[in-house]
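Chemist: Got a structure here, written out as structure tokens. Questions coming.
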Amino acid sequence: MNESNTGQRVSGGGRTCLLGSDVEEQLAGIIVQERQEGNRVSGSQVQQWAKELALENDISNNFNASDGWLAKFLSRNGFSYRRVTNLTSLTSQELVKRASNYMIYLRAALERDTANLDNTILMDETAVYLEDPRRITVNEKGKRHVSLRSTGFASMRITVLLSVTASGRKLPPVLIAKKSGASGTKFEKKAGCCIFYNSKAWVNQDLIKAWIDLVFPHVLMATGKALVWDSCRAHTANSVKEHLKRRGIRNIVIPGGLTPYVQAGDLGIYKSFKDKLSPIIADWKISDQVERTRSGNPKPPKEDTICNWILEAWQKVDASVILNSIKAAGFGNEENWMVYKHDIYGPEFRNVWLNRDVSDVNNETECEVDEDENLVEDDS
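First residue of the sequence shown: -19, per my numbering; consecutive thereafter.
Here it is, written out as structure tokens:
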């Protein structure tokens, strides 16, 4: 060997995961959630979150989230810098094929003898901003400049976890609140609303596992337990999949790109909830209940206030909206499915669905919707 190419190993050389795999997975989950909510994520933000997670997890290896670490982290976890587009990430053929495979899998799961709609839960998280994010207002014609006054509420948001059973029953709403040092496994109940705390008010795998035990109590020995949700990183983490397997809960993950067409929340439930919640928040913002700082900026609403908002809005969501959304998500007859009657994808989906290979229905262990992604999983 050429001596010029030898030498002592640099301290720390060869380490590829300074934060540890669990913390990296948590950081990746934060990024995915922020992007799913439409928020911009910069490299510097990722570095800052990494430093905060390192402190929270007592990682004392002089971790400084360098640019080099950032590049390797992004590569390891399948992230890259992307230019914003307004186009769907799936072609029409890909979307239809993926939707057909998912529906085949879902129908097979529902037709099993052990299937139980009362013990099948559909859930997702949604963010509610206290300031209307839309950049549109009624204004006089011909005005060159149209400005909006900042009300101080723009940075305030509420993260809510809503869930229903496939039979149409609403489960108690969950508020995810920020609390320094909280791990996400502790919760309390206020005004009929459950509050989970963590340091960022984000959903992580520990919070998800605690929520699973809340809605599927250990004393519930009934068969046919299932959970239907999207492919958010916190939902598909290995620790969450193992937890579901231990609890005997069937894990049905909606493939990426399909949530606008097959997720009940996106098909009517969330819109109805936010339509009920919006006027409640608007009334609070102009009331004397808003506390302000010395400089006149509004303080965030108190947890009791938020819980009352959420519960009131959730109670006002009509049962027909819940049931119609569930049917449209694949739990009703074919003609009720959103993807089946979609004005753009519907004709192609109907053709693929009616000519599907029925032998695919016999596959009871997994449904591969993409060569690179096994997003629909069964851990029973």
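Backbone N, C-alpha and C define an ideal beta-carbon position, used for all residues, glycine too. Please read all numbers here as calculations on a predicted model, not as lab measurements.
(1) Within a Cβ cutoff of 6 angstroms, which residues of the same chain sit near A107, ignoring the five residues on either side of it in sequence?
(2) With DSSP run on the structure shown, which of helix, strand or coil describes V270?
(3) Look up M83 in the DSSP assignment and say whether it is helix, strand or coil.
(4) Is L151 closer than 8 angstroms to V195 when the C-beta atoms are compared?
(5) For N57, does the three-state DSSP call read helix, strand or coil?
(6) On the three-state DSSP scale, how would you describe N331?
(7) Does the stretch 263 to 277 touch the stretch 143 to 157, meaning 3 or more C-beta pairs lie closer than 8 angstroms?
(8) Ignore the nearest five residues each way along the sequence and tell me which others in A202's own chain have a CB closer than 6 angstroms to its CB.
(9) Measure the beta-carbon distance from H223 to K189 and round it to whole angstroms, keeping in mind my assumption that it falls under 8 angstroms.
(10) With 16 as the cutoff for other CB atoms within 10 Å, does R62 come out buried or exposed?
(11) For L(-1) and L187, I'd like the C-alpha separation in whole angstroms.
(12) Is the beta carbon of L102 sitting closer than 8 angstroms to the one on G237?
(13) Any chance you could list the beta strand (DSSP E) runs of at least 3 consecutive residues sitting entirely within the stretch 139 to 175, in chain order?
(14) What span of residues does the alpha helix (DSSP H) with W289 cover, start to end?
(15) Report all residues from its chain with a CB closer than 7 angstroms to the CB of I302; omit the five preceding and five following residues, and keep chain order.
(16) DSSP beta-bridge partners for W264?
(17) Do D104 and W209 have their C-beta atoms closer together than 8 angstroms?
(18) Using the C-alpha atoms, what's the distance from I10 back to C212?
(19) Kindly identify the DSSP beta-bridge partner or partners of V320.
(20) For D246, does the count of other Cβ atoms within 10 angstroms reach 16, so buried, or fall short, so exposed?
(21) Just to confirm, are Y325 and S72 a CB contact at a threshold of 8 angstroms?
(22) Ends of the beta strand (DSSP E) at A244?
(23) Are the CB atoms of A244 and A309 within a distance shorter than 8 angstroms?
(24) Near R336, which residues of its chain fall below 8 angstroms by C-beta distance, leaving aside the five closest residues on each side in sequence?
(25) For the putative contact between A95 and G204, defined by C-beta atoms under 8 angstroms, what is the C-beta separation to the nearest angstrom?
(26) So, for R15: in the same chain, excluding its five sequence neighbours on each side, which residues have a beta-carbon less than 7 angstroms away from its beta-carbon?
(27) Can you give the Cα-Cα distance for P280 and L90, rounded to whole angstroms?
(28) In or out: R226 buried (at least 16 other Cβ within 10 Å) or exposed?
(29) Given this structure, state the Cα-to-Cα distance separating L75 from H198, to the nearest angstrom.
(30) Determine whether the beta carbon atoms of K158 and K180 lie at a separation below 8 angstroms.
(31) If you run the structure through DSSP and keep just helix, strand and coil, what is R227?
(32) Provide the residue span of the alpha helix (DSSP H) that contains W191, from first to last.
Modeler: Looking at the coordinates:
(1) Cβ neighbours of A107 beyond the five flanking positions: E17, R137 and T139.
(2) Correct three-state label for V270: coil.
(3) It is helical.
(4) yes
(5) The three-state reading of DSSP puts N57 in coil, since its state is none of H, G, I, E or B.
(6) helix
(7) no
(8) N99
(9) The distance from the Cβ of H223 to that of K189 is about 5 angstroms, consistent with a contact at the 8 angstroms cut-off.
(10) R62 is exposed by the Cβ-count criterion.
(11) 20 angstroms
(12) no
(13) 154 to 158 and 163 to 170
(14) E283 to K296
(15) V144, G148, K150 and I249
(16) Beta-bridge partners of W264 (DSSP): none assigned.
(17) It is a contact, given that the beta carbons lie within the stated cut-off.
(18) 10 angstroms
(19) Strictly speaking, residue 320 in this sequence is Tyr, with Val absent from that position. Answer by DSSP bridge pairing: none, since Y320 is not bridged.
(20) buried
(21) yes
(22) Run containing A244: none; DSSP gives neither H nor E here.
(23) yes
(24) S80 and I84
(25) In this structure A95 touches G204 by the C-beta definition: roughly 5 angstroms separates them, less than 8 angstroms.
(26) Excluding its 5 nearest sequence neighbours in each direction, R15 has C-beta neighbours in its own chain below 7 angstroms: V21, listed in chain order.
(27) 43 angstroms
(28) exposed
(29) 38 angstroms
(30) yes
(31) helix
(32) Q185 to V195
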